[in-house]
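Quick note: my numbering has the sequence shown finishing at residue 408, numbered continuously throughout.
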Amino acid sequence: MRLLVTGGAGFIGANFVHRTVREHPEYEVTVLDALTYAGNEASLAGVREAITFVHGSITDAALVDDLVRGSDAVVHFAAESHNDNSLADPGPFLQTNVVGTYTLLEAVRRHDVRFHHVSTDEVYGDLELDDPRKFTPETPYNPSSPYSSTKAASDLLVRAWVRSYGVRATLSNCSNNYGPYQHVEKFIPRQITNVLDGRRPKLYGAGLNVRDWIHVDDHNAAVHEVLQRGRTGHTYLIGADGEVDNRTVLATVLELMGQPADAFDSVTDRAGHDLRYAIDATKLREELGWRPRYTDFREGLAATIAWYRDNEAWWRPLKDQVEAAYAARGQ
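Have a look at this one:
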């Protein structure tokens with residue numbers, strides 16, 4: 078298998094590359110990453126000699142065509158993904174998430190290459206806190222931010238290229254990930270590194286917003302299952318039944334790190350902040366037999382805290398700039 082991984086120096090992509098090298102040493106893995114602020118080649122340090130790394134953009138049609146031509150499959154992680162940044166400047170999200178996905182689809186169409194598109198549950202909008210429903214592959218799209226709307230657009234492009242051109246593609250929409258190599262701008266690593274850095278953690282508003290948390294290793298195990306056995310044109314939702322509100326997440330971080338329960342500051346809530354996400358992963362479980370390893374969120378969170386404690390050299394260069402940007406927004 079000659080595997081091209083876009084965004085392979087980002088959070089989920091880098092963990093996918095580590096898992097692939099570890100569990101499929103027979104694969105020839107090429108990573109394409111633009112190394113924007115959210116991409117970090119240091120995330121691939123442990124596997125750098127086992128892969129081919131290409132610094133470039135998924136919007137570069139000539140480069141993408143050349144790489145896809147030499148591949149058997151493409152796993153597409155590359156995306157602009159931070160909601161706050163999309164609200165401040167939507168432009169890069171349109172370029173990467175929409176134009177970049179289009180560029181890849183045209184290349185895999187020309188060369189008849191298997192394609193898996195990694196997306197988010199945020200394309201479905203949000204649910205009320207007391208709503209008994211969960212997102213399914215049939216849930217109508219209702220994105221609420223420039224980030225989620227551009228991811229929704231990219232999903233629809235993939236579906237159209239399957240139907241119109243016969244592209245051999247699958248899609249997956251996953252809930253919120255946590256784990257190693259996640260940028261410190263994101264909620265969980267931001268709070269962990271704040272404690273490690275002697276800063277007070279921050280909580281949006283009252284912290285009632287609920288996310289369906291999944292460890293990144295479980296997400297990537299599911300992606301491998303879909304890549305190998307998923308049905309062309311089908312969407313698989315990936316989730317681990319991990320619904321937890323932000324206040325409880327922060328309380329657990331504080332407890333696990335030996336901090337007082339009130340050792341945090343409430344900050345201005347994000348504009349249009351989605352209330353609740355919840356994933357129904359029945360199709361993935363029943364059709365492909367996937368099961369999450371981290372069924373205990375507390376256990377996964379403890380392992381994540383340990384990783385950030387042991388890898389300060391990875392996150393330290395990012396921290397001050399991130400906190401300065403949040404401070405400028407009053408967050």
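C-beta: ideal position from N, C-alpha, C; glycine also.
Problem - Neighbourhood of Q408 by C-beta distance below 6 angstroms, restricted to the same chain and skipping five residues each side - result: Here residue 408 corresponds to residue number 331 of the sequence shown, with the count starting at 1. For Q408, where only same-chain residues beyond five positions count, the Cβ hits under 6 angstroms are V344 and T345.
Practice task
Please report the residue range of the alpha helix (DSSP H) in which T97 lies.
Solution key: The residue you call residue 97 lines up with position 20 of the sequence shown. F88 to E100 is the span of the alpha helix (DSSP H), which, as asked, contains T97.
Problem - Residue range of the alpha helix (DSSP H) that includes Y242 - result: Within the sequence shown, residue 242 is the residue found at index 165, counting from 1. P223 to Y242 is the extent of the alpha helix (DSSP H) around Y242.
Problem - Three-state secondary structure (DSSP) of L333 - result: If you number the sequence shown from 1, residue 333 lands on position 256. Helix.
Exercise for the section: Answer yes or no: do T136 and V108 have a C-beta to C-beta separation smaller than 9 angstroms? Expected result: For the purposes of this step, residue 136 is taken as the residue at position 59 of the sequence shown. For the purposes of this step, residue 108 is taken as the residue at position 31 of the sequence shown. For T136 and V108, no; Cβs fall outside 9 angstroms.
Problem - Nearest residue (CA-CA) to H350, options A91, H159, Q172 and W290 - result: Translated into positions along the sequence shown, residue 350 becomes position 273. Minimum Cα distance to H350 is reached at H159.
Exercise for the section: Could you tell me whether the Cβ atoms of G307 and I291 are closer together than 9 angstroms? Expected result: The residue you call residue 307 lines up with position 230 of the sequence shown. The residue you call residue 291 lines up with position 214 of the sequence shown. Not in contact: G307 and I291 (Cβ atoms no closer than 9 angstroms).
Problem - Buried/exposed call for R267, threshold 16 Cβ in 10 Å - result: For the purposes of this step, residue 267 is taken as the residue at position 190 of the sequence shown. R267 comes out buried.
Exercise for the section: Could you spell out the range, first to last residue, of the alpha helix (DSSP H) harbouring F374? Expected result: Residue mapping note: residue 374 aligns to position 297 of the sequence shown, counting from 1. Here the alpha helix (DSSP H) through F374 covers F374 to D387.
Practice task
Could you check what DSSP says for T247 in three-state terms: helix, strand or coil?
Solution key: By 1-based counting over the sequence shown, the position of residue 247 is 170. Strand, per DSSP.
Practice task
For K279, name the three-state secondary structure that DSSP assigns.
Solution key: Numbered from its first residue, the sequence shown carries residue 279 at position 202. Strand, per DSSP.
Handout entry: Exposure label - A165; buried when at least 16 CB within 10 Å
Key = Counted from its first residue, the sequence shown places residue 165 at position 88. Result: exposed.
Handout entry: Reference V106, options T83, A402, S226 and D318, closest by Cα
Key = Reading the sequence shown from its first residue, position 29 is the one you call residue 106. The option with the nearest alpha carbon to V106 is T83.
Practice task
Provide the residue span of the beta strand (DSSP E) that contains S196, from first to last.
Solution key: One-based indexing of the sequence shown puts residue 196 at position 119. Start and end: R191 to T197.
Handout entry: Inter-residue CB distance, S252 and Y313 (contact presumed, cutoff 8 angstroms)
Key = By one-based count along the sequence shown, residue 252 stands at place 175. By one-based count along the sequence shown, residue 313 stands at place 236. About 12 angstroms; that fails the 8 angstroms criterion.
Practice task
Counting only runs of 3+ residues fully inside the stretch 286-321, write out the beta strand (DSSP E) ranges in chain order.
Solution key: 287-289 and 312-315
Handout entry: Sequence-distant residues of its chain with Cβ nearer than 8 angstroms to E205 (five each side left out)
Key = Numbered from its first residue, the sequence shown carries residue 205 at position 128. So the list reads L352 and R353, once near-sequence residues are dropped.
Problem - For Y218, three-class secondary structure by DSSP - result: Taking the sequence shown and counting its residues from 1, the one referred to as residue 218 is at position 141. Note: Y218 maps to coil in three-state DSSP.
Exercise for the section: Would you mind reading off the limits of the beta strand (DSSP E) that contains R79? Expected result: The count along the sequence shown starts at 1 and reaches residue 79 at position 2. That run of the beta strand (DSSP E) goes R79 to T83.
Exercise for the section: Would you kindly report the start and end of the unbroken beta strand (DSSP E) that includes A150? Expected result: Position 73 of the sequence shown, counted from the first residue, corresponds to residue 150. First-last of the beta strand (DSSP E) with A150: A150 to H153.
Problem - Opening and closing residue of the alpha helix (DSSP H) in which L497 lies - result: For the chain, the structure presents residues 78 to 408; residue 497 sits outside this window and is missing.
Handout entry: Reference S222, options I265, G202 and V239, closest by Cα
Key = Counted from its first residue, the sequence shown places residue 222 at position 145. With distances taken between Cα atoms, S222 lies closest to G202.
Problem - F130 versus D110: straight-line alpha-carbon distance, rounded - result: Residue 130 sits at position 53 when you count from the first residue of the sequence shown. Residue 110 sits at position 33 when you count from the first residue of the sequence shown. Near 8 angstroms, if we compare the C-alpha coordinates of D110 and F130.
Practice task
Put S134 into one of helix, strand or coil per three-state DSSP.
Solution key: Taking the first residue of the sequence shown as 1, we reach residue 134 at position 57. The answer is coil: DSSP assigns S134 none of H, G, I, E or B.
Problem - Sub-9 angstroms separation of V152 and F93 beta-carbons - result: As a first step, residue 152 is located in the sequence shown; it is residue number 75 there, counting from the start. As a first step, residue 93 is located in the sequence shown; it is residue number 16 there, counting from the start. Cβ atoms of V152 and F93: closer than 9 angstroms.
Exercise for the section: Can you tell me the Cβ-Cβ gap for L395 and V261, rounded? I've got them flagged as a contact below 8 angstroms. Expected result: Here residue 395 corresponds to residue number 318 of the sequence shown, with the count starting at 1. Here residue 261 corresponds to residue number 184 of the sequence shown, with the count starting at 1. Confirmed, Cβ separation roughly 5 angstroms.
Problem - Whether F154 touches G90 by CB criterion (9 angstroms) - result: Looking up residue 154 in the sequence shown gives position 77. Looking up residue 90 in the sequence shown gives position 13. Cβ atoms of F154 and G90: closer than 9 angstroms.
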